[in-house]
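Trainee: Residue numbers (full-length UniProt numbering): 1 to 145.
Before anything else, here's the structure in question.
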Amino acid sequence: MNTDTIDEAIDKYVSERMKKGKKTASERFLTYAYLKHGGDELAEFMKKVGGLSRYYINFLNVMENPFRGPEMAWLGAMIVVAIFGGYLASQEESRLLGILVVSGTLAHAWSLLCEVAKKWLDVGVMIAIYREILELAENEFKSAI
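Right under this line is the structure:
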């Protein structure tokens with residue numbers, strides 16, 4: 001049994017869960033599991049689904065910090081540009097340019113804040129969905145044994 005079929009089942013559950021809800025997604029996930037891996041393979045399949053779900057949960061818990069990744073680099077670049085814009089605004093001959101640079105930096109800071117909030121919410125939802133999959137797989141694993 002390879003991880004592609006397990007990952008495919010998890011992806012189907014996630015997409016179904018986003019569109020039609022928990023009950024429908026659970027039913028389709030279990031149907032897929034019983035049709036694709038019936039009999040002796042079902043317990044092994046559910047065990048591997050649980051393990052992969054735990055891996056995804058742990059990975060997303062690490063990534064839940066919104067300033068891990070490119071957002072931190074973007075924030076650092078904006079701070080440097082804002083400092084340079086402040087310097088330009090303090091000079092008489094380049095005051096207008098400095099004001100424009102600082103205002104552009106503020107606009108991008110708002111964009112970064114919105115992006116970080118969206119990412120944080122999406123990661124939280126995905127963690128909750130993977131926990132549902134983990135619970136479902138553990139319950140089915142117990143009943144399959």
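Every residue, glycine too, gets a C-beta built ideally from N, C-alpha and C.
Quantities reported herein were computed from a predicted structural model and do not represent experimental measurements.
#1: Report yes if the C-beta distance between Ser-26 and Tyr-130 is below 9 Å; otherwise report no.
#2: Go to Arg-131, then tell me how far its alpha helix (DSSP H) extends in each direction, as first and last residue.
#3: Provide the residue span of the alpha helix (DSSP H) that contains Asp-11, from first to last.
#4: I'd like the span of the alpha helix (DSSP H) that includes Glu-92, first residue to last.
#5: List the whole-angstrom C-beta distance separating Ala-144 from Ala-43, where the pair is believed to meet the contact cut-off of C-beta under 8 Å.
#6: CA-CA distance, Ala-33 and Phe-45?
#7: Can you tell me which of the three DSSP states Glu-64 falls into?
#8: Would you verify that the beta carbon of Gly-124 is, or is not, closer than 9 Å to some beta carbon of chain B?
#9: By alpha-carbon positions, which one of Ile-10, Ala-89 and Thr-5 ends up nearest to Glu-135?
#10: Please identify the residue among Asn-139, Phe-141 and Ile-133 whose C-alpha is closest to the C-alpha of Glu-21.
#11: Quick one: Cα of Leu-112 to Cα of Trp-120, how far?
#12: Count the other C-beta atoms from every protein chain shown that fall within 10 angstroms of the C-beta of Ile-83, then say buried if there are 16 or more, exposed otherwise.
Mentor: Taking the coordinates as given:
#1: Between Ser-26 and Tyr-130, the C-beta spacing is not below 9 Å.
#2: Per DSSP, Arg-131 is one residue of the alpha helix (DSSP H) stretching across 95–144.
#3: Annotation: the continuous alpha helix (DSSP H) that includes Asp-11 extends over 3–20.
#4: From DSSP, Glu-92 is part of no alpha helix (DSSP H); its letter is neither H nor E.
#5: Rounded to whole angstroms, the Cβ separation of Ala-144 and Ala-43 is 4 Å, and the two are in contact under 8 Å.
#6: Cα-Cα distance, rounded: 8 Å.
#7: Looking at Glu-64 - three-state DSSP - the assignment turns out to be coil, as it is neither helix nor strand.
#8: Given the protein chain composition of this structure (a single chain), no chain B is represented.
#9: Cα-wise, what sits closest to Glu-135 is Ile-10.
#10: The question names Glu, but residue 21 is Gly in the sequence shown. Ranked by Cα distance from Gly-21, the first of Asn-139, Phe-141 and Ile-133 is Ile-133.
#11: Rounded to the nearest angstrom, the gap between the Cα atoms of Leu-112 and Trp-120 is 12 Å.
#12: With fewer than 16 other Cβ atoms within 10 Å, it is exposed.
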